[in-house]
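Protein chains: 2
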Amino acid sequence: MLNHKTAQIKKIVKGEILLKQGEITKYGYFVNRGCLKSYAVDNAGKEHIMQFAPENWMISDLDSFTNQVPSLVSIEAIEDSEVSLISRSDFGDFSKLEKKTLIELAIKSRNNMIATNKRIIGLLSWSSEKRYLDFTETYPTLVQRLPLKLIASYIGVTPEYLSDIRRKIAKK
Amino acid sequence: MLNHKTAQIKKIVKGEILLKQGEITKYGYFVNRGCLKSYAVDNAGKEHIMQFAPENWMISDLDSFTNQVPSLVSIEAIEDSEVSLISRSDFGDFSKLEKKTLIELAIKSRNNMIATNKRIIGLLSWSSEKRYLDFTETYPTLVQRLPLKLIASYIGVTPEYLSDIRRKIAKK
DNA sequence: CGATTTTTTGAATCATATCAACGTACGTGG
DNA sequence: CCACGTACGTTGATATGATTCAAAAAATCG
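As they're listed, the protein sequences go chains A and B.
Counting from 1063, one number per residue, gives the positions in the first sequence under the numbering used here.
Counting from 1063, one number per residue, gives the positions in the second sequence under the numbering used here.
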């Protein structure tokens, strides 16, 4: 979809921060290697993960990228990674894109929207155990790859409680 | 964006159900008049509202519409309404759409995605009071128009608890 | 008006968070 | 290859935000 050949590439180490909550972002990031996360920090200083982006995923604060407003999230590498930078000049104005690109974009957006809608339904109406089980089914490779505390943050519970959930599941 | 002039129109009364959770949907709905909701019912029989769709909004289960899988939500009129039906033959295949339509779609999808992302951040990291206050700022007209219990369901609390929240806010 | 729905109130209970302590695994430098 | 430090995971005790249930009060509607 994006012209990765000409895109600017950046290598980052685990822990490196590409965007800080409250800043206005210039870029979206396409992950070539490694894994990033986007997360919001609440008033109590706790981190809540919005998205994981392993290989071939894009990550950004879409509102900040599109409308140049302060970002609601920070973006940070959770592994040593390599990303392609997506700039507003390449991608901010849809009318410059080819029809073929727009169709690809529409399909990806739709799939993304479906997954995101499901996440909202899960947060509203599923038990935390069910949210965890759904995560393991939807992202089996991430379950292996990520520490428990990050998964806990993504599904909306504390690490301690996810530990309880796992124990209860194991007992069955 | 959609060809509303030729679209099939349907009038429905308050309480009428256009899609039942678990069914495969044929249509998306564009609301000309009135207001609909989409909602999931959990194991305990409780209703959780995914989306409100007042005038000029579209509502559907996108996964069910696109992939012909069972819907995770039901769609129901919360006021007497009039909707235009959007069918898969009109809208299922992006390559049939004109470039201009694709651009409009991309913009609407992006705005929708921004709002949806914000909702997830809210559910993960905001207090229920903050979620309510954000709702009143984001959808001031709906606050007037909708009963408290529906707003409670949307922000993810019980009506009783939203009543408490309102009292606490009023005291300040 | 009366009937139905919505909102409020209060008490008991539950799911999950918090905090602190301990055990475990891991990675890096010596 | 070992030892140490740091990050991660588990456990249990206690605290809290939110739900549940029941009932009364208020608003809405035919």
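We treat Cβ as the ideally placed atom computed from N, Cα and C, and that holds for glycine.
The contact set of residue 1128/A on chain B, defined by CB atoms closer than 8 Å, consists of 1172, 1176 in chain order. In this structure, DSSP gives residue 1086/B a state outside helix and strand, which the three-state scheme calls coil.
Bounds of the alpha helix (DSSP H) holding residue 1206/B are 1202 to 1207. With the criterion set as a beta carbon lying under 9 Å from some beta carbon of chain B, the members of the segment 1120 to 1148 of chain A are 1123, 1124, 1125, 1128, 1129, 1134, 1135, in sequence order.
For residue 1177/B, the enclosing alpha helix (DSSP H) begins and ends at 1161 to 1187. In terms of CA proximity to residue 1208/B, 1113/B leads the group 1071/B, 1081/B, 1113/B. For residue 1211/A, the enclosing alpha helix (DSSP H) begins and ends at 1210 to 1217.
Looking from the CA of residue 1154/B, the closest CA among 1074/B, 1137/B, 1088/B belongs to 1088/B. Around residue 1097/B, the same chain offers 1116, 1140, 1141 as residues with beta carbons nearer than 6 Å, after the five sequence neighbours per side are excluded. For residue 1114/B, no CB of chain A lies under 9 Å from its own CB, so it is not counted at the interface with that chain. Taking a C-beta cut-off of 7 Å against chain A, the contacting residues of the segment 1073 to 1104 of chain B are 1102, 1104, listed in chain order.
Rounded to whole angstroms, residue 1093/A and residue 1204/A show a C-alpha spacing of 15 Å.
The shortest CA-to-CA distance from residue 1100/A to any of 1107/A, 1083/A, 1106/A is the one to 1083/A. Taking the Cα of residue 1075/B as reference, the smallest distance to any Cα among 1233/B, 1226/B, 1143/B is reached at 1143/B. For residue 1137/A, the enclosing beta strand (DSSP E) covers residues 1136 to 1139. Under a 10 Å Cβ-count criterion, residue 1181/A is classified as buried, with 16 or more other Cβ atoms of the shown protein chains found around its own Cβ. Those residues of the segment 1151 to 1171 of chain A placed with their C-beta closer than 7 Å to a C-beta in chain B are 1156, 1157, 1161, 1164, 1165, 1167, 1168, 1169, 1171, ordered along the chain.
DSSP places residue 1094/B within a strand segment (E or B) once states are collapsed to three. Across the structure, residue 1221/A and residue 1130/A are spaced so that their CA atoms are roughly 34 Å apart. In the three-state DSSP reduction, residue 1078/B falls in the coil class, being neither helix nor strand.
Taking C-beta atoms as the reference points, residue 1230/A and residue 1199/A fail to come closer than 9 Å.
For residue 1229/B, none of the residues of chain A pass the 9 Å Cβ criterion, the least Cβ distance being about 22 Å. In the three-state scheme derived from DSSP, where H, G and I count as helix and E and B as strand, residue 1106/B is classed as coil. One thing to note: residue 1105/B has its Cβ no nearer than 9 Å to the Cβ of residue 1134/A.
With 16 or more other Cβ atoms from the protein chains shown falling within 10 Å of its own Cβ, residue 1185/A counts as buried.
Across the set 1148/B, 1217/B, 1234/B, 1216/B, the C-alpha of 1148/B shows the shortest separation from the C-alpha of residue 1124/B. For residue 1181/B, the chain A residues whose C-beta falls within less than 7 Å of its own C-beta are 1182, listed in chain order. Contact between residue 1168/A and residue 1156/B holds: their C-beta atoms lie close to 5 Å from each other, under 8 Å.
In the DSSP assignment, residue 1143/A forms a beta bridge with 1074/A. For residue 1222/B, the enclosing alpha helix (DSSP H) has its first and last residue at 1221 to 1233.
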